[in-house]
Structures are given as structure tokens and as C-alpha cells.
Amino acid sequence: MRESLGDRIFNITNIVLLIIVALVTLFPLYYVFVVSFTEPGEFADKNGFVLLPSRWSTGAYEYLLSTSAFIRATGVSAFLATAGTLLSLMITSAFSFGLSRKRLRGRNIMLFMVMFTILFNPGIIPVYLLVRDLGLINSVWSLIIPVLTSGWYVILMKSFFDSIPIELEEAAMIDGCNELTIFFRIILPLSAASLAAFGLFYAVAYWNTFFSAVLYINDFTKVPLQIVLRNMLIDSDTAVGGASAVEMASDKQLPTQTIKMAAVVISTLPILIVYPFLQKHFTKGVMLGSVKG
């Protein structure tokens, strides 16, 4: 069936608009990447607008990777993203599996409590008081333990576990498997797509930890990368006497625009590297957790 003239015009218009939107979306990323490899002198000569540097330079990255504060903050964020994601997936999947078992005592009460946390947030002050009473102030665990799981993720993963045929569990029990064996050797392997999707959500959240670090971390040696990045992009503009607001080496100059852009590239690179490997599981995992049947 041949396309009509109206359909052809509509398709061409859509393609043109999508290309424009893609270019508008990608240009800031391209600009940040290009500026990070531009020499400070060339950046200043071109009044801060460089589309393609005449000579590529890795000086900004060498500066950042030689700075103890930046390396330390990157390590903190890497620990949060790794340990936090693994613990969150373990807690969320185990809790969801338990709630999916209809024979669990108190199941309805626990489901009500999970739904209650989705609808009502305790607020900043009660959570801060809880973290303080647990002795977690100035500890990196204060950035993990209060957000180990999410009521919304628990409900979605429970729905996915509900869709797994109960006959698999019954057959495993006949073969002598207990609940833990069923969970680790049957349920989790079947949940790879769902775990990959939620793992990506958790990893991005932990890597981008910012506000909770502002509340709970007073020791600069324990702040995550986003705090250092924020100070570089904002506070360094008001630093005086040649001292950087992010407490970098005192004999270094105030970070230039190229160094700031390099910091942005480094902070976004891990997620950009991980996402393509999980993309094939992303849509499948979310849909399996949100639709039963």
C-alpha cells in the first residue's frame, strides 16, 4: 500500500523534528566533552565557546586524577554505587519474595506498611534524628542504610515474583529444597531481567547521592563525588586568595572551566558505560515487574 502525500509529509516532519530534538539534547554533552579536552589558553582566546579544539589536551584530566580530594570522593561514590546497589537488591528481592508467599504470616499487615511508606513520607527531620541516634552521622553508611529499599520497587518486584508459576516451587520442595535454596537457585536466576533493571535504578541513585550527604556528612574526606562536583561548579567561583572551595592541593590554581567540564565527564562516565550492558534487560524487567499474567 502506497503512502499518501499527507502521510509522507507527516513522516518527514516527524523525522526532522526528532533530529532537531536529538541535536538539542546531545549538543550540551558534546560541548562538555570538547571543552574538557581543550587547553585553558585556547578556551580563553575563543571567549569560552569551542566547537572543536585545534589541539586536544588531557591536562584537565591529569589535574583531576592527581588531586587527592577528587580521587577520594570518586572512591566514596564508587563504594556507594557498588555496596549500596548489592545490599539494596538483596534486601528488596528477599523482602519481595517473602511478601509474594501467600502462606506468610502477617503478610497483609506488611503489605499495608509498605504501601503506607509510598503514600506518606516521614520528612527530613525524623530521618535525620534516626540517623543521628543510630550513630551514623559522618559515616558513609548513613548514605546507604536509610535508603536500602523502596516501597515502590518492593511492590513491583513482588508482582514479578507472583507471576512465576508456583509449580516450580512445589517441584523444588518435592526434591528437598528449602526456601533459601528455592530463592537463590530458582527465583533469582529467573529474575535476571528484573534485577538488572532495578539494579540500574539503585546504582544511578547511589552514584548521584547529594542531598543526604549534605545532611549527614560533615567530614570532607567522606563526601561523595557529587558534593565535590557541586563545589567545583559553584563555590569555586567565589573562592578567594587562590584557594579552591573543594580543598584541592593548596599549590594548585583555581580550577578552570576545562577542569570543571572534565569533572562532569568523569562523574557521568560510569553510568554511560554500564547502561548499554543493561539496556536489553531494562524494558523487559520493568514490564515484568509491573504487569501480572
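Per this note's numbering, the sequence shown starts with residue 1492, numbered consecutively. We put the CB at the ideal spot given by N, CA and C, even for glycine.
- Just measuring C-alpha positions, the residue of Ala1753, Phe1518, Gly1690 sitting nearest Glu1553 is Ala1753.
- Excluding its 5 nearest sequence neighbours in each direction, Ile1673 has C-beta neighbours in its own chain below 7 Å: Glu1660, Ala1663, listed in chain order.
- A direct Cα-to-Cα measurement between Val1512 and Leu1763 gives close to 20 Å.
- Within the same chain, no Cβ atom closer than 8 Å to the Cβ of Asn1612 is found once the five residues on either side in sequence are excluded.
- Using a Cβ distance threshold of 9 Å, Leu1621 and Val1605 do not count as a contacting pair.
- Rounded to whole angstroms, Arg1594 and Val1765 show a C-alpha spacing of 38 Å.
- Rounded to the nearest angstrom, the Cβ distance from Pro1715 to Thr1700 is 5 Å, consistent with a contact under 8 Å.
- Straight-line measurement puts the Cα of Ser1584 at about 14 Å from the Cα of Ser1654.
- Contact annotation: Lys1713 and Val1567 have beta-carbon atoms nearer than 9 Å.
- Segment contact: the segment 1527-1534 against the segment 1501-1517, fewer than three CB-CB distances shorter than 8 Å; contact not assigned.
- By the neighbour-count criterion, in which a residue is buried when 16 or more other Cβ atoms sit within 10 angstroms of its Cβ, Gly1667 is exposed.
- In the DSSP annotation of this structure, the continuous segment of the alpha helix (DSSP H) that includes Gly1497 starts and ends at 1496-1527.
- The continuous alpha helix (DSSP H) containing Gly1642 extends over residues 1642-1654.
- Under a 10 Å Cβ-count criterion, Ile1510 is classified as exposed, with fewer than 16 other Cβ atoms of the shown protein chains found around its own Cβ.
- Taking each of Leu1720, Leu1610, Ile1677, Gly1614 in turn and checking the Cα distance to Gly1642, the smallest one comes out for Leu1610.
- C-alpha of Ile1562 to C-alpha of Leu1556: approximately 6 Å in a straight line.
- Distance from the CA atom of Gln1717 to the CA atom of Ser1758, rounded to whole angstroms, is 8 Å.
- Straight through space, the alpha carbons of Val1705 and Asn1538 are spaced by roughly 34 Å.
- Met1648 and Phe1689 do touch by the CB rule: their CB atoms are close to 7 Å apart, below 8 Å.
- Looking at the DSSP output, Trp1547 sits in a beta bridge with Thr1529.
- By the criterion of a C-beta distance shorter than 6 Å, Ala1551 is surrounded in its chain by Ser1527, Thr1749, Ile1750, Ala1753, once the five residues flanking it on both sides are discounted.
- Per DSSP, the unbroken alpha helix (DSSP H) holding Ile1582 starts and ends at 1576-1591.
- Contact between Leu1720 and Val1755 holds, since their C-beta atoms are separated by about 7 Å, short of 8 Å.
- In the structure shown, the three-state DSSP call for Asn1722 is helix.
- For Thr1608, the enclosing alpha helix (DSSP H) begins and ends at 1598-1610.
- In the structure shown, Gly1626 adopts coil according to DSSP, grouped into three states.
- Proximity to Pro1656 across Arg1592, Gly1626, Ile1628, Thr1608 peaks at Arg1592, based on C-alpha coordinates.
- Your pair Val1631 and Leu1580 does not check out as a contact, with CB atoms roughly 18 Å apart and the cut at 8 Å.
- A direct Cα-to-Cα measurement between Ile1725 and Ile1708 gives close to 19 Å.
- C-alpha of Val1638 to C-alpha of Leu1543: approximately 42 Å in a straight line.
- Counting only the Cα atoms, Gly1575 lies some 22 Å from Leu1671.
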